[in-house]
Amino acid sequence: MNLRLYILQRATAALLAPLVLMHLSVILYASGHDLSAAAILGRTRGSVLWGGFYGLFVVAAATHAAIGLRVIAAEWTGLGRRGLEALMWAAFVLLAGLGLLAVAAVVLA
Amino acid sequence: MPDIEVSLWRGKADGRYQVYRVPQRDNQTVLDVVTWVQRHADPSLAYRFACRVGMCGSCAMTVNGRPRWTCRTHTAKVIVAGKLEIGPLANLPIIKDLACDLTPFFEKWQRAKGRFEPRLTRRDAAQRVIPTTPARLAADAAIECINCAVCYAACDTVKWNPGYLGPAALNRAWTLLNDERDAGNRQRLAAIAAVGGCHACHSHQSCQQHCPNHLNPTASIAGLKRATMAAYIRGELE
Amino acid sequence: MNAKSNSERRLPNSAGHRRDALWLAALVHRLSGLALAGFLPLHFLALALALKSEAALDGFLRWTANPAVKVAEMGLVFLLTVHLAGGIRLLVLENTPWFGQQQRLAAGALILAGIAAVAFLVRAA
Chain A
3 MNLRLYILQR
13 ATAALLAPLV
23 LMHLSVILYA
33 SGHDLSAAAI
43 LGRTRGSVLW
53 GGFYGLFVVA
63 AATHAAIGLR
73 VIAAEWTGLG
83 RRGLEALMWA
93 AFVLLAGLGL
103 LAVAAVVLA
Chain B
27 MPDIEVSLWR
37 GKADGRYQVY
47 RVPQRDNQTV
57 LDVVTWVQRH
67 ADPSLAYRFA
77 CRVGMCGSCA
87 MTVNGRPRWT
97 CRTHTAKVIV
107 AGKLEIGPLA
117 NLPIIKDLAC
127 DLTPFFEKWQ
137 RAKGRFEPRL
147 TRRDAAQRVI
157 PTTPARLAAD
167 AAIECINCAV
177 CYAACDTVKW
187 NPGYLGPAAL
197 NRAWTLLNDE
207 RDAGNRQRLA
217 AIAAVGGCHA
227 CHSHQSCQQH
237 CPNHLNPTAS
247 IAGLKRATMA
257 AYIRGELE
Chain C
16 MNAKSNSERR
26 LPNSAGHRRD
36 ALWLAALVHR
46 LSGLALAGFL
56 PLHFLALALA
66 LKSEAALDGF
76 LRWTANPAVK
86 VAEMGLVFLL
96 TVHLAGGIRL
106 LVLENTPWFG
116 QQQRLAAGAL
126 ILAGIAAVAF
136 LVRAA
């Protein structure tokens, strides 16, 4: 962990707090309404709002998780500096890539 | 009172616990127990102490898994089912038995720039320090550290991150950062913002929970985190 | 040369602090983050089923109606809430004037997460 990673970690954390609260509200709403794929996609397809919200969520979460995983690996595994960098970037690319794919899947018509 | 079954660490890192039966007394401290073993059971036992009244920190050891000052730990308070377990402080190389090598602890103290850098010379008038400014109050709240290494031994981040400067060194850096007489804060901020500096702290607060002087390195480190962030935003740090 | 087998090898015991509430809170925060990071790719892949067809996503959603899956989802809601609450505690700790007795806040985070998880299960049932 260095100063830049720390600031990025805390900044994404601060950003994620309201996003996660919103996401939890969505989950609790959806869980009580037994939504089908049609109902969900009906709301998300073509929506700039949902696309923007979840696009931002994905990038922030991917950054936050990648840095977090790097810190855990640094303290609990024997990985050296290069291994940690590789792990962090691999995690970011995987999470951001899959995440944006998922956002595209539900937003793009 | 029945005898205490005391397990004492003997040897170096590849040593083992050895059990001694020690008479229990009223108002007895763990340091009394260790001293009894060395005088009556095994003169080859190595341990450290100095003041024996809770002001020097030399007698710090691990008692039942926690780092404490043994001269200030009454046996009646820590004996469990008639047993006591005493070892050297954790996170430091073991020299022998209950004595560990504090060199890495003090090296990190220097690396964190825990040394006062004067601005004035003897030819200048002494600088007036107002005791009630927020900075001076912050420094005073953390200044009573006597380098006993209990916080260092309690910290898992020290254990998991060999490069981490540790709570005591960073706590001292915080007091100097708040010292208006000190001229070395540019280098000090760079030192504690480097890898292994204040940002490695996860706020477990084991340091604060165990400090025998009731200091709060976690709070000091939080202050350092804020100071380094502010310096970064101002462009003063990389 | 001290020829001890690995099973006899011991180190001085120094884990007493790992029973403290705030240390445990930090551990819960770390483990919940790890679990969420592991779950996320699966979550994204499930949603990406919509790329195949609406029916593919529908099939998956019907699978999640299984009670065992609902319990697992409740666990995920718990993990997310506990990680969020613990994270907020850290942000407050690092950026606002110090206050003592954070054990109560840490305990509060756990309770909040429990409430969220139960609320989810109740609604989903």
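Residue numbers (our numbering), protein chains in the order written: chain A, 3 to 111; chain B, 27 to 264; chain C, 16 to 140.
Backbone N, C-alpha and C define an ideal beta-carbon position, used for all residues, glycine too.
I need the straight-line Cα distance from residue i to residue j, nearest angstrom please.
i: Ala-64 of chain A; j: Ser-47 of chain C; result: 15 Å
i: Leu-86 of chain A; j: Asn-4 of chain A; result: 13 Å
i: Leu-43 of chain A; j: Ala-41 of chain C; result: 38 Å
i: Arg-33 of chain C; j: Pro-20 of chain A; result: 31 Å
i: Ala-245 of chain B; j: Leu-191 of chain B; result: 16 Å
i: Gln-153 of chain B; j: Arg-207 of chain B; result: 7 Å
i: Leu-215 of chain B; j: Arg-78 of chain B; result: 37 Å
i: Asp-73 of chain C; j: Ala-39 of chain A; result: 5 Å
i: Lys-185 of chain B; j: Cys-227 of chain B; result: 12 Å
i: Pro-28 of chain B; j: Met-81 of chain B; result: 31 Å
i: Ile-30 of chain B; j: Arg-260 of chain B; result: 60 Å
i: Ser-22 of chain C; j: Leu-55 of chain C; result: With a pLDDT of 43 at Ser-22 of chain C, under the threshold of 50, the modelled position of that residue is not reliable, and the figure given next carries that caveat. In a straight line, the C-alpha of Ser-22 of chain C is about 39 Å away from that of Leu-55 of chain C.
i: Leu-106 of chain C; j: Leu-64 of chain C; result: 36 Å
i: Gly-108 of chain B; j: His-58 of chain C; result: 53 Å
i: Pro-167 of chain C; j: Asn-90 of chain B; result: Missing from the structure shown is residue 167 of chain C; chain C here goes from 16 to 140 and no further.
i: Arg-162 of chain B; j: His-66 of chain A; result: 36 Å
i: Gln-50 of chain B; j: Val-60 of chain B; result: 12 Å
i: Gly-99 of chain A; j: Glu-88 of chain C; result: 23 Å
i: Ala-95 of chain C; j: Arg-92 of chain B; result: Position check: residue 95 of chain C holds Leu in this sequence, whereas Ala was assumed. For Leu-95 of chain C and Arg-92 of chain B, the distance between alpha carbons rounds to 32 Å.
i: Ile-112 of chain B; j: Ala-168 of chain B; result: 29 Å
i: Leu-173 of chain B; j: Gly-189 of chain B; result: Note on residue identity: the sequence assigns Asn, not Leu, to residue 173 of chain B. Cα-Cα distance, rounded: 19 Å.
i: Met-16 of chain C; j: Gly-70 of chain A; result: In this prediction, Met-16 of chain C scores a pLDDT of 39, lower than 50, which makes its location untrustworthy; the coordinate-derived value is nonetheless stated afterwards. Rounded to the nearest angstrom, the two C-alpha atoms are 42 Å apart.
i: Ser-20 of chain C; j: Arg-36 of chain B; result: In this predicted model, Ser-20 of chain C has a pLDDT of only 44, less than 50, meaning its place in the structure is not dependable enough to derive any value.
i: Ala-199 of chain B; j: Ala-257 of chain B; result: 15 Å
i: Ala-18 of chain C; j: Val-45 of chain B; result: Only weak support exists for where Ala-18 of chain C lies, its pLDDT of 44 falling under 50; the value from the coordinates is given anyway. Each residue's alpha carbon lies about 21 Å from the other.
i: Asp-36 of chain A; j: Arg-77 of chain C; result: 10 Å
i: Glu-264 of chain B; j: Ile-9 of chain A; result: 12 Å
i: Leu-39 of chain C; j: Arg-149 of chain B; result: 54 Å
i: Phe-131 of chain B; j: Gln-64 of chain B; result: 27 Å
i: Ala-121 of chain C; j: Arg-104 of chain C; result: 7 Å
i: Gly-34 of chain A; j: Pro-238 of chain B; result: 52 Å
i: Thr-254 of chain B; j: Ala-248 of chain B; result: 10 Å
At 8 Å on the CB atoms, spell out the chain C contacts of residue i, in chain order.
i: Gly-101 of chain A; result: Leu-55, Phe-59
i: Pro-114 of chain B; result: Pro-27
Report the partner residues of residue i according to the DSSP bridge assignment.
i: Ala-86 of chain B; result: B:Trp-95
i: Gln-11 of chain A; result: Gln-11 of chain A pairs with nothing; no bridge assigned.
i: Tyr-46 of chain B; result: B:Val-32
i: Glu-111 of chain B; result: B:Ser-33
i: Lys-122 of chain B; result: B:Ala-125
i: Thr-55 of chain B; result: B:His-100
i: Val-106 of chain B; result: B:Lys-109
i: Asp-208 of chain B; result: B:Pro-144
Along chain C, in chain order, which residues have C-beta atoms closer than 7 Å to that of residue i?
i: Lys-103 of chain B; result: Simply none; closest approach about 14 Å.
Could you give the C-beta distance for residue i and residue j, rounded to a whole number, given that I count them as a contact under 8 Å?
i: Lys-122 of chain B; j: Lys-251 of chain B; result: Lys-122 of chain B to Lys-251 of chain B, Cβ: 38 Å. No contact.
i: His-230 of chain B; j: Thr-183 of chain B; result: 7 Å
i: Arg-137 of chain B; j: Ala-217 of chain B; result: 6 Å
i: Leu-34 of chain B; j: Leu-115 of chain B; result: About 14 Å separates the two Cβ atoms, so there is no contact after all.
i: Arg-36 of chain C; j: Gln-118 of chain C; result: The question names Arg, but residue 36 of chain C in the sequence shown is Ala. At roughly 4 Å, the Cβ-Cβ gap stays under 8 Å, so Ala-36 of chain C and Gln-118 of chain C are in contact.
i: Val-97 of chain C; j: Ala-128 of chain C; result: 4 Å
i: Gly-101 of chain C; j: Val-43 of chain C; result: 7 Å
i: Val-105 of chain A; j: Tyr-56 of chain A; result: 5 Å
i: Ile-29 of chain A; j: Phe-93 of chain C; result: At roughly 12 Å, the Cβ-Cβ gap does not stay under 8 Å, so Ile-29 of chain A and Phe-93 of chain C are not in contact.
i: Thr-96 of chain B; j: Thr-55 of chain B; result: 6 Å
Applying a beta-carbon distance threshold of less than 7 Å, which residues of chain B neighbour residue i?
i: Leu-5 of chain A; result: Ala-219, His-225, Thr-254, Tyr-258, Leu-263
i: Asp-35 of chain C; result: Ser-232, Gln-235
i: Ala-30 of chain C; result: Gly-91
i: Trp-38 of chain C; result: His-230, Ser-232
By the criterion of Cβ-Cβ separation under 8 Å, what are the contact partners of residue i in chain A?
i: Arg-138 of chain C; result: Leu-30, Ser-33, Gly-34
Name, please, each residue of chain B whose Cβ falls closer than 9 Å to the Cβ of residue i.
i: Asn-81 of chain C; result: Simply none; closest approach about 37 Å.
i: Ala-41 of chain C; result: Asp-182, His-228, Ser-229, His-230, Gln-231
Between residue i and chain D, is any beta-carbon pair separated by less than 7 Å?
i: Leu-71 of chain A; result: The question asks about chain D, but that chain is absent: this structure's protein chains are A, B and C.
Applying a beta-carbon distance threshold of less than 7 Å, which residues of chain A neighbour residue i?
i: Phe-114 of chain C; result: Under the 7 Å cutoff, chain A gives no residues; its nearest Cβ is about 19 Å from Phe-114 of chain C.
i: Leu-127 of chain C; result: Those within 7 Å of Leu-127 of chain C in chain A number zero; the least Cβ separation is about 11 Å.
Selection of the segment 87–108 of chain C by Cβ proximity to chain B, strictly under 8 Å:
Interface annotation for the segment 87–108 of chain C against chain B: Leu-105, Leu-108, criterion Cβ-Cβ distance under 8 Å.
The segment 48–80 of chain A: positions lying closer than 8 Å to chain B by Cβ:
Against chain B - using a Cβ distance shorter than 8 Å - the residues of the segment 48–80 of chain A are Ala-76, Glu-77, Trp-78.
Given a limit of 8 Å on CB to CB distance, which residues of the segment 79–98 of chain A reach chain C?
When C-beta distances to chain C are compared with 8 Å, the residues of the segment 79–98 of chain A below that value are Ala-93, Leu-96, Leu-97, in chain order.
Positions along the segment 224–237 of chain B whose CB lies within less than 7 Å of some CB in chain A
Residues His-225, Ala-226.
Residues of the segment 4–29 of chain A with a CB closer than 9 Å to any CB of chain C: list them in chain order, please.
If the cut-off is 9 Å between Cβ atoms, the segment 4–29 of chain A has Arg-12, Ala-15, Ala-16, Leu-18, Ala-19, Val-22, Leu-23, His-25, Leu-26, Ile-29 near chain C.
Using a Cβ-Cβ cutoff of 8 Å, what residues of the segment 182–203 of chain B are near chain A? List them in chain order.
For the segment 182–203 of chain B, which is checked against every Cβ of chain A, the residues closer than 8 Å are Thr-183, Trp-186, Asn-187.
Could you run through the segment 43–54 of chain C and flag, in chain order, every residue whose CB is less than 7 Å away from some CB of chain A?
From the segment 43–54 of chain C, only Arg-45, Gly-48, Leu-49, Ala-52 have a Cβ closer than 7 Å to chain A.
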